[in-house]
Amino acid sequence: MLDAYTLQTGTGFWDPVVWIVVFLVAFLIALAIWLLGEKEYPRDTQAVKPFLSGNVEPEKADVHMRAGNLYWGFTEAMKGYYSRLVPLHTGVLNDYVLWFLGVMALVFVIVGVAA
Amino acid sequence: MFFNLPFIVAALLVILGIITMLIKRNLIKMIMGLALVEAGVNLLLVSIGYRAGGIAPIFTSAPDGVMVMPTVQAMTLTNIVIGIATTALLLSFVMVIYRMYGTANAEKVRKLRG
Amino acid sequence: MMQELLLQNLPALLLAVPMLGAFATPLIGKASGGARNLWAVAIMLATLAVAVLLTAQVLSTGTVVYTFGAETPDLTVPADSGGIPIRIIFTVDAMGAFMALAASFVGLGVMLYSFASASRSTGQNGYYALLLLLVVGILGMVCTGDMFNFFVFLEINSLAGAALVASRVDKGVAVEAGLKYAVLSTLGGLLVLFAIALLYGQYGALNIAVIASRMLFTPLDQIALVMLLVALAMKAGAVPMHFWTPDAYSMAPSSITALLVVASQASLYGVFRVVFTLYGLTLEYATIGWIIIILGVLSMFVGVTMAIPQKDVKRLMAYHAVSQTGYMLLGVGVGLAVLGNQQLLDTYGVIAMEGGIFHIINHAMYKGLLFLTAGAIFYRTGTRNLNQLGGLGHSMKWTMVFFIIGALAIAGIPPFNGFASKLMIYESVFLFNPLLAIIAMVVSILTLASFVKVFHSIFMGPRLPEYADVREVPAPMIIGMALLSLLVILFGVFPQEVVDLLITPAAGALIDQGGYIASVLGGA
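Those protein sequences? They're chains A, B and C, same order as listed.
Everything in the first sequence is counted per our numbering, starting at 4 for the first residue and increasing by one.
Everything in the second sequence is counted per our numbering, starting at 627 for the first residue and increasing by one.
Everything in the third sequence is counted per our numbering, starting at 147 for the first residue and increasing by one.
See the structure below:
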């Protein structure tokens, strides 16, 4: 019945509809578990405030993790790669033209040798 | 040799234009290089259309002889028009850049990089 | 009668409608801004309708040929011309129709979105006129069967695109991006014309079908091939000629960036058209195939790794656009590399090409969507710097939902459309060369990682005081984004329908060089 929705990839297949059905079932189970939890808690007391070992909560803007701090480890580990790659993007128009024509010359050579 | 001369000149013009675009840092001069490339391509087009002894394809009181197929001439005219539009656009870009950055040096016009 | 006339002239109408729209827009804009907006969207709707009709026609009756200026549109070779098609001929096969459909659909989404996003800026008459001209350039490139005509539309595409990139001067930075884009695409365009001149000099024809039928692959043809291939690959943003892409994509207005993605893909279509239809089996398909594959792998890897450390959200997305173009080059390159071997072509070559072509339309949808969400964020916050953004999930819920859909689609997470096309590429490329498939998967993971960063830094976190009064964007922008995300989901849930309907005919049209020639020159 679901054959019509199955993507044939030559060697394999992929059926999004079945996937969605499974996903929905998993979601319903998760929802059921969530509904079993405690529904009532005192909302206007200390219970809703973050507990930071008794310290005062810092300003909202200070606790937000900014983008520049994300993947610091990744770029640090790949430093050897990035320190070579990023400077290539010089922003100088002459370099852009040079890369374009350089690739063209390279492909000329490859095609010429192959032929 | 003589009949190949236009092709050689066309190739030379294109190469000169490309070299200009590569070594000149002034944006205006780079656009001049681009115009040289364009001139070279136009010359190549026109020389491809040349037929020794051919006459212009105007049928009104045409003399006897082989008429030239005017396709490449039409292409050249189209490319000249496109070239004018492009050059005007590019030069106006450089004008704005010079006004805003205070320079038209390609090595200094690089706020976008990385 | 009227209907018949309309159906007969669809290829001409596909260009005539938006071109008329473009040049009438400033006139109507003189009278009233509201009327101009209505006019622009009506034109875009009409263009989409023509594209749909044309696609239906192509899919039901095969390649549609349209000869300009002939007594009947299918009279390709005049009786007294000695067997040469002298007029400009549009040859719309399944591949071209597919591209036209994708372009006009994205065009409609962009147009709706522009009502709100462009409403606060000056020079709107020119903006809408250039937008429609950009659409004309794209549609012309994918429909024409004439090399010189292709060049003309390529130039229309470049000029309109560059002018739009520079349109928000932005202290000159946008103009810098526009200049870089314009210089490179003009140089590329001139080299394309040089190659066309070389071909004309040898074969005395401009029609793709005629040149293809006479192709000898002489040294001059090889020079022309390299010029066409590299110049068009540069316009499509393949590494290492991608440097203009992040500049232009990040500085253009977001709505325009979504359309620039499609404009680049029209150049990609040019690459495919040149290698498959113009040269076909005469070229060294293994060598050229590997050149395209290597360009693709470089684009995928360099694109995604450059995206990760970016701080400007649109620049980051632009690098992802480079990276995704790599998938298309990889898929179709694998198909080209085995073009001469019917058995390998049947086993995985065709599937790889279908995956690459499917990725074109998927990419147009989800990348367009992502650029529109970036535009929505810029519209409300006035910054594109990821380090300054945060906590917008509280106030811009719709934008966040659309962003999630786009981000999951580009990372290849089921059930969105990116997964379907990537799966086709992975499985077929794995049979060709396992290493390539592994690189493709690693790139997909890095894409997801990079979009997790963007999602976190824009939408997550506490509501920030500086964005306390940020609200959801106006309705036209939401409609534009909703239109694209609807297709992202539909294509993801029913991939096989789309593949059967559009993709398989398109891949077949690219492979079937003889059919293309026969449709113009008559039965071969």
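Heads up, the beta-carbon is just placed ideally off N, CA and C, and yes, glycines get one too.
Note that the structure is predicted; figures quoted are calculated from it, not measured.
As assigned by DSSP and simplified to three states, the class of residue i
i: ASN155 (chain C); result: coil
i: ASP458 (chain C); result: strand
i: TYR74 (chain A); result: coil
i: LEU38 (chain A); result: helix
i: MET721 (chain B); result: helix
i: ILE681 (chain B); result: strand
i: PHE524 (chain C); result: helix
i: LEU485 (chain C); result: coil
i: THR697 (chain B); result: helix
i: ASN652 (chain B); result: strand
i: GLN149 (chain C); result: helix
i: ASP292 (chain C); result: strand
i: ILE235 (chain C); result: strand
i: ASN183 (chain C); result: helix
i: TYR212 (chain C); result: strand
i: LEU55 (chain A); result: coil
i: THR713 (chain B); result: helix
i: LEU310 (chain C); result: helix
i: PHE26 (chain A); result: helix
i: GLN534 (chain C); result: coil
i: ASN271 (chain C); result: helix
Span separating the alpha-carbon of residue i from that of residue j
i: LEU633 (chain C); j: THR364 (chain C); result: 45 Å
i: ASP393 (chain C); j: ALA323 (chain C); result: 5 Å
i: PRO689 (chain B); j: LEU277 (chain C); result: 49 Å
i: ILE2 (chain A); j: ILE635 (chain C); result: Nothing about residue 2 (chain A) can be reported from this structure: the residues present for chain A run from 4 to 118 only.
i: ALA637 (chain B); j: VAL376 (chain C); result: 19 Å
i: SER400 (chain C); j: GLN270 (chain C); result: 15 Å
i: GLY15 (chain A); j: HIS509 (chain C); result: 23 Å
i: ALA621 (chain C); j: ASN533 (chain C); result: 28 Å
i: GLY180 (chain C); j: GLY307 (chain C); result: 24 Å
i: LEU345 (chain C); j: VAL338 (chain C); result: 11 Å
i: TRP436 (chain C); j: VAL589 (chain C); result: 19 Å
i: GLY426 (chain C); j: ASP658 (chain C); result: 9 Å
i: LEU330 (chain C); j: MET721 (chain B); result: 18 Å
i: ALA661 (chain B); j: GLY643 (chain B); result: 7 Å
i: VAL468 (chain C); j: ALA557 (chain C); result: 14 Å
i: TRP390 (chain C); j: GLY472 (chain C); result: 16 Å
i: PHE672 (chain C); j: ALA249 (chain C); result: Shown here, chain C extends from 147 to 670; a query on residue 672 (chain C) therefore has no answer.
i: PHE629 (chain B); j: ARG677 (chain B); result: 10 Å
i: ALA711 (chain B); j: ILE654 (chain B); result: 16 Å
i: GLN456 (chain C); j: ARG46 (chain A); result: 41 Å
i: ASP615 (chain C); j: TYR99 (chain A); result: 42 Å
i: MET361 (chain C); j: THR428 (chain C); result: 7 Å
Among the options, nearest to residue i - alpha-carbon criterion
i: VAL407 (chain C); options: C:MET245, C:ALA192 and C:ASP367; result: C:MET245
i: SER267 (chain C); options: C:VAL315, C:LYS176 and C:ILE454; result: C:VAL315
i: VAL698 (chain B); options: B:ILE641, B:ALA711 and B:GLY675; result: B:GLY675
i: LEU184 (chain C); options: C:PHE549, C:LEU254, C:THR213 and C:ALA249; result: C:LEU254
i: VAL282 (chain C); options: C:LEU485, C:LEU336, C:ILE437 and C:ALA158; result: C:ALA158
i: GLY638 (chain C); options: C:LEU516, C:ILE551 and C:SER359; result: C:ILE551
i: THR702 (chain B); options: B:SER673, B:GLY680 and B:ILE723; result: B:SER673
i: LEU680 (chain C); options: C:MET570, C:VAL252, C:ALA653 and C:VAL196; result: Residue 680 (chain C) falls outside the range modelled here, since chain C spans only 147 to 670, and no answer is possible.
i: GLY94 (chain A); options: B:GLY740, B:VAL722 and B:MET726; result: B:GLY740
i: GLY175 (chain C); options: C:ALA275, C:PHE565 and C:GLY472; result: C:ALA275
i: PHE236 (chain C); options: C:LEU205, C:GLY229 and C:GLY215; result: C:GLY215
i: THR332 (chain C); options: B:MET647, B:LYS737 and B:VAL735; result: B:MET647
i: VAL443 (chain C); options: C:LEU476, C:ALA398 and C:VAL421; result: C:LEU476
i: GLU618 (chain C); options: C:ARG526, C:ASN295 and C:ALA583; result: C:ARG526
Is the segment 259 to 271 of chain C touching the segment 219 to 235 of chain C, taking contact as three or more C-beta pairs under 8 Å?
-> no
Report the residues of the segment 381 to 400 of chain C with a CB closer than 8 Å to any CB of chain B, ordered along the chain.
-> PRO392, ASP393, SER396 and MET397
Could you tell me whether the segment 659 to 669 of chain C touches the segment 199 to 210 of chain C, where touching means 3 or more Cβ pairs closer than 8 Å?
-> yes
At a cut of 8 Å, does the segment 284 to 301 of chain C reach the segment 345 to 357 of chain C through at least three beta carbon pairs?
-> yes
Kindly confirm or deny that the segment 405 to 424 of chain C and the segment 295 to 305 of chain C touch, where touching means at least three C-beta pairs closer than 8 Å.
-> yes
Of the residues that make up the segment 93 to 118 of chain A, which ones have a beta carbon closer than 8 Å to any beta carbon in chain B?
-> THR93, GLY94, VAL95, LEU96, ASN97, VAL100, LEU101 and LEU104
Are three or more beta carbon pairs between the segment 455 to 464 of chain C and the segment 510 to 522 of chain C nearer than 8 Å?
-> yes
Interfacial residues, the segment 697 to 711 of chain B to chain C, with Cβ spacing under 8 Å | THR697, VAL698, MET701, THR704, ASN705, ILE708 and ALA711
Mind the definition here: the segment 564 to 584 of chain C touches the segment 485 to 498 of chain C only if three or more C-beta pairs lie below 8 Å; say whether that holds.
-> yes
Near-chain B residues of the segment 559 to 576 of chain C - C-beta to any C-beta below 8 Å | none
Of the residues that make up the segment 715 to 730 of chain B, which ones have a beta carbon closer than 8 Å to any beta carbon in chain C?
-> LEU715, LEU716, PHE719, VAL720, VAL722, ILE723, ARG725, MET726 and TYR727
Report the residues of the segment 69 to 84 of chain A with a CB closer than 8 Å to any CB of chain C, ordered along the chain.
-> ARG69, ALA70, GLY71, LEU73, TYR74, PHE77, THR78, MET81 and TYR84
Near-chain C residues of the segment 668 to 693 of chain B (beta-carbon distance less than 8 Å), N- to C-terminal order | LEU670, LEU671 and ILE674
Of the residues that make up the segment 645 to 664 of chain B, which ones have a beta carbon closer than 8 Å to any beta carbon in chain C?
-> MET647, LEU653, MET656, ILE657, LEU660, VAL663 and GLU664
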